[in-house]
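**Student:** Can you read through this structure? Questions will come right after.
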């Protein structure tokens, strides 16, 4: 490890320790409480956080398993909810790796597990800065930043899990609503184009309609129907210009 | 209710299925255009799927939240969103206001009923 590299690791860790870790922590605090409610022991809450490392997917798994959905449908839905990681990793990796890279392929394949909405968005923005021009520094920064994010998420999930049993009923309800609220605000706040509003409305409507007839398939249906409708609208809009 | 082993195996399977997207991104980086039609479609599907998830948890929750009133959950969403906008997209303000409203509404219900 070069001196520069070690400094970049620390820089990443320090920059994660503020708002990014706190916002993630709020989401995972609620997740821990929902996991306890769904009957997860602490070690499974942690296992899900480390193995999946995508809060929407972790919630999809919990919801569908609690509802007794088919195994294949569940795995497919969790995976699809994280499909955005593909184009995200695709754009992030060339910024950390080129032909001369001293890091091996397996190291990048492992580091890819750290890619999440938060870590990706910050890394893409920060890698444009002068202090992170060096590929090794970028790698170190990304690992340091991600490590703090995952650590904060794990600690908060455990706190949420332990807290839910100790709180009075009203506070327990509030904690359980934390993560759904977090997603609601994020999703609605993100919906700026006609296409994303369509995806939002169609996805919600289809999920609720299918919930009554085929609950195990409602999320997949929401994704495919709402997503395809949004996509077609986006295409039609793009072709007009 | 699924056993801990069931949940554990599913977590493993879902972890792998999620990592697949990340791993493919590493293997194919530089060889695929992230602006292609396929990716646009896939992001739309992911977005709609998560929208469906949130709608389901808010409108038809299982477990703890099933004991709360639908109207309170819907209003809490509105309060959180409005507070978030007013506080210049500060997530903490949004969450604190939403959760605070939700607990207050629940308290008022216990007093009235």
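Chains as they are written, first to last, in this note's numbering: chain A, 129 to 369; chain B, 2 to 114. Built from N, CA and C at the ideal position, the CB exists for glycine as well.
Does the Cβ-Cβ distance between residue 137 (chain A) and residue 27 (chain B) come in under 9 Å?
**Tutor:** Along the first chain, one-based indexing puts residue 137 (chain A) at 9. Along the second chain, one-based indexing puts residue 27 (chain B) at 26. No, Cβ-Cβ distance for residue 137 (chain A) and residue 27 (chain B) is not below 9 Å.
**Student:** Have a look at B:83, B:90, B:39 and flag the residue whose alpha-carbon is nearest the alpha-carbon of residue 360 (chain A).
**Tutor:** In the first chain, residue 360 (chain A) corresponds to position 232, counting from 1. In terms of Cα proximity to residue 360 (chain A), the closest of B:83, B:90, B:39 is B:39.
**Student:** Run down chain B in chain order and give the residues with a C-beta less than 8 Å from the C-beta of residue 245 (chain A).
**Tutor:** Within the first chain, residue 245 (chain A) is the residue found at index 117, counting from 1. The premise fails here: residue 245 (chain A) is roughly 11 Å from chain B at the closest Cβ pair, so nothing lies under 8 Å.
**Student:** By Cβ distance, which residues of its chain are closer than 7 Å to residue 130 (chain A), with the 5 residues on each side in sequence left out?
**Tutor:** Mapped onto the first chain, residue 130 (chain A) falls at position 2. Low confidence applies to residue 130 (chain A): its pLDDT is 48, below 50, so where it sits in the model is not reliable, and the reading given next is rough at best. Correct list, in chain order: 264.
**Student:** Let me make sure I understand the geometry here. Which of B:113, B:112, B:110, B:95 has the alpha-carbon closest to that of residue 312 (chain A)?
**Tutor:** On the first chain, position 184 is the one that residue 312 (chain A) refers to. Nearest C-alpha to residue 312 (chain A): B:95.
**Student:** Which of the three DSSP states is assigned to residue 322 (chain A) in this structure?
**Tutor:** Residue numbering aside, residue 322 (chain A) sits at position 194 when the first chain is read from its first letter. Three-state DSSP puts residue 322 (chain A) in a helix.
**Student:** Identify which residue in B:31, B:77, B:3, B:60 has its Cα closest to the Cα of residue 116 (chain B).
**Tutor:** Residue coverage of chain B in this structure runs from 2 to 114, which leaves residue 116 (chain B) outside it and unanswerable.
**Student:** Using a Cβ-Cβ distance under 9 Å, would residue 434 (chain A) count as near chain B?
**Tutor:** Given that chain A is displayed from residue 129 to residue 369, the structure contains no residue 434 (chain A) and the question cannot be resolved.
**Student:** Mind checking which residues open and close the alpha helix (DSSP H) that includes residue 48 (chain B)?
**Tutor:** Position 47 of the second chain, counted from the start, is the residue given in the question as residue 48 (chain B). Looking at the DSSP string, the run of the alpha helix (DSSP H) that includes residue 48 (chain B) is 38 to 60.
**Student:** Whose C-alpha, out of A:148, A:141, A:176, A:154, is nearest the C-alpha of residue 9 (chain B)?
**Tutor:** Taking the second chain and counting its residues from 1, the one referred to as residue 9 (chain B) is at position 8. For the options A:148, A:141, A:176, A:154, the alpha carbon positioned closest to that of residue 9 (chain B) is the one of A:176.
**Student:** In whole angstroms, give me the CA-to-CA distance for residue 250 (chain A) and residue 113 (chain B).
**Tutor:** Reading the first chain from its first residue, position 122 is the one you call residue 250 (chain A). Reading the second chain from its first residue, position 112 is the one you call residue 113 (chain B). So the two alpha carbons sit approximately 47 Å from each other.
**Student:** Exposed or buried, what is residue 314 (chain A) when buried is set at 16 or more other beta-carbons lying within 10 Å of its beta-carbon?
**Tutor:** Here the question's residue 314 (chain A) lines up with position 186 in the first chain. Buried is the call here.
**Student:** Tell me, please, whether the segment 151 to 168 of chain A touches the segment 267 to 287 of chain A by the rule of three or more beta-carbon pairs shorter than 8 Å.
**Tutor:** yes
**Student:** Give the straight-line distance between the Cα atoms of residue 262 (chain A) and residue 223 (chain A), rounded to the nearest whole angstrom.
**Tutor:** Indexing the first chain from 1 puts residue 262 (chain A) at position 134. Indexing the first chain from 1 puts residue 223 (chain A) at position 95. Looking at the backbone, the Cα of residue 262 (chain A) and that of residue 223 (chain A) are separated by about 10 Å.
**Student:** Using a Cβ-Cβ cut-off of 9 Å, state whether residue 219 (chain A) counts as contacting chain B.
**Tutor:** Counting from one through the first chain, the residue named residue 219 (chain A) turns up at place 91. At least one chain B Cβ lies under 9 Å of residue 219 (chain A).
**Student:** Would you give the residue range spanned by the alpha helix (DSSP H) that residue 12 (chain B) belongs to?
**Tutor:** Position 11 of the second chain, counted from the first residue, corresponds to residue 12 (chain B). Note, residue 12 (chain B): alpha helix (DSSP H), 5 to 29.
**Student:** Would you say residue 130 (chain A) reaches chain B, if we count a Cβ-Cβ gap shorter than 9 Å as a contact?
**Tutor:** Start at 1 with the first residue of the first chain, and residue 130 (chain A) comes out as number 2. In this predicted model, residue 130 (chain A) has a pLDDT of only 48, less than 50, meaning its place in the structure is not dependable; the value taken from the coordinates is given anyway. No, residue 130 (chain A) does not count as interfacial toward chain B.
**Student:** CB residue 19 (chain B) to CB residue 321 (chain A), shorter than 9 Å?
**Tutor:** Your numbering for residue 19 (chain B) matches position 18 in the second chain. Your numbering for residue 321 (chain A) matches position 193 in the first chain. No, these two residues do not count as a Cβ contact at 9 Å.
**Student:** For residue 212 (chain A), go through chain B and note every residue whose CB falls closer than 9 Å to its CB, in chain order.
**Tutor:** As a working mapping, residue 212 (chain A) is identified with position 84 in the first chain. Among the residues of chain B, those whose CB is under 9 Å from the CB of residue 212 (chain A) are 22, 40, 43, 44, 47, 48, following chain order.
**Student:** Could you compute how far the alpha carbon of residue 212 (chain A) sits from the alpha carbon of residue 52 (chain B)?
**Tutor:** Walking along the first chain from the start, residue 212 (chain A) turns up at place 84. Walking along the second chain from the start, residue 52 (chain B) turns up at place 51. Rounded to the nearest angstrom, the two C-alpha atoms are 14 Å apart.
**Student:** Give every residue of the same chain whose Cβ lies closer than 7 Å to the Cβ of residue 281 (chain A), excluding the five residues on either side of it in the sequence, and list them in chain order.
**Tutor:** Counting from 1 along the first chain, the entry for residue 281 (chain A) is found at position 153. If we look at residue 281 (chain A) and ignore the five residues flanking it on each side, its Cβ neighbours are 152, 153, 156, 177.
**Student:** Along the segment 173 to 185 of chain A, what residues have a CB closer than 9 Å to any CB found in chain B?
**Tutor:** 175, 176, 178, 179, 180, 181, 182, 184, 185
**Student:** Taking the beta carbon of residue 274 (chain A) as the centre, do at least 16 other beta carbons fall within 10 Å, making it buried, or is it exposed?
**Tutor:** The residue labelled residue 274 (chain A) in the question sits at position 146 within the first chain. Looking at its Cβ environment, which holds 16 or more other Cβ atoms inside 10 Å, residue 274 (chain A) is buried.
**Student:** How big is the Cα-Cα spacing for residue 217 (chain A) and residue 277 (chain A)?
**Tutor:** Sequence index remark: in the first chain, residue 217 (chain A) carries index 89 (1-based). Sequence index remark: in the first chain, residue 277 (chain A) carries index 149 (1-based). Cα-Cα distance, rounded: 17 Å.
**Student:** Helix, strand or coil: how does DSSP classify residue 367 (chain A) here?
**Tutor:** To locate residue 367 (chain A), count along the first chain from 1; it is residue 239. DSSP places residue 367 (chain A) in helix when its eight states are reduced to three.
**Student:** Go ahead and label residue 6 (chain B) buried or exposed: buried means 16 or more other beta carbons lie within 10 angstroms of its beta carbon, across all protein chains shown.
**Tutor:** In the second chain, residue 6 (chain B) corresponds to position 5, counting from 1. So residue 6 (chain B) ends up on the exposed side.
**Student:** Is residue 288 (chain A) helix, strand or coil when you go by DSSP?
**Tutor:** To locate residue 288 (chain A), count along the first chain from 1; it is residue 160. Three-state DSSP puts residue 288 (chain A) in a helix.
**Student:** Apart from the five residues just before and just after residue 184 (chain A), which ones in its own chain have a Cβ nearer than 6 Å to its Cβ?
**Tutor:** On the first chain, position 56 is the one that residue 184 (chain A) refers to. Counting only Cβ-Cβ distances below 6 Å, and skipping sequence neighbours, we find 209.
**Student:** Could you run through the segment 292 to 311 of chain A and flag, in chain order, every residue whose CB is less than 7 Å away from some CB of chain B?
**Tutor:** 298, 299, 300, 301, 302, 304, 305, 306, 308, 309, 310, 311
**Student:** For the segment 47 to 61 of chain B and the segment 344 to 358 of chain A, state whether three or more C-beta atom pairs, one from each stretch, are separated by less than 8 Å.
**Tutor:** yes
**Student:** Check the Cβ-Cβ distances between residue 13 (chain B) and every residue of chain A, and say whether any is below 9 Å.
**Tutor:** As a first step, residue 13 (chain B) is located in the second chain; it is residue number 12 there, counting from the start. So, interface residue.
**Student:** Given this structure, state the Cα-to-Cα distance separating residue 103 (chain B) from residue 61 (chain B), to the nearest angstrom.
**Tutor:** Mapped onto the second chain, residue 103 (chain B) falls at position 102. Mapped onto the second chain, residue 61 (chain B) falls at position 60. Near 16 Å, if we compare the C-alpha coordinates of residue 61 (chain B) and residue 103 (chain B).
**Student:** Using a Cβ distance threshold of 8 Å, determine whether the segment 179 to 194 of chain A contacts the segment 234 to 248 of chain A, with at least three qualifying pairs required.
**Tutor:** Contact holds between the segment 179 to 194 of chain A and the segment 234 to 248 of chain A, because three or more Cβ pairs, one in each stretch, are under 8 Å apart.
**Student:** Going along chain B in order, which residues have a C-beta closer than 9 Å to the C-beta of residue 228 (chain A)?
**Tutor:** To locate residue 228 (chain A), count along the first chain from 1; it is residue 100. Near residue 228 (chain A) there are no residues of chain B at all, since even the closest Cβ is about 14 Å away, more than 9 Å.
**Student:** Rounded to whole angstroms, how far is the Cβ of residue 346 (chain A) from the Cβ of residue 335 (chain A), which I believe are closer than 8 Å?
**Tutor:** Working through the first chain from its first residue, we reach residue 346 (chain A) at position 218. Working through the first chain from its first residue, we reach residue 335 (chain A) at position 207. Their Cβ separation, rounded to whole angstroms, is 5 Å, which keeps residue 346 (chain A) and residue 335 (chain A) in contact under 8 Å.
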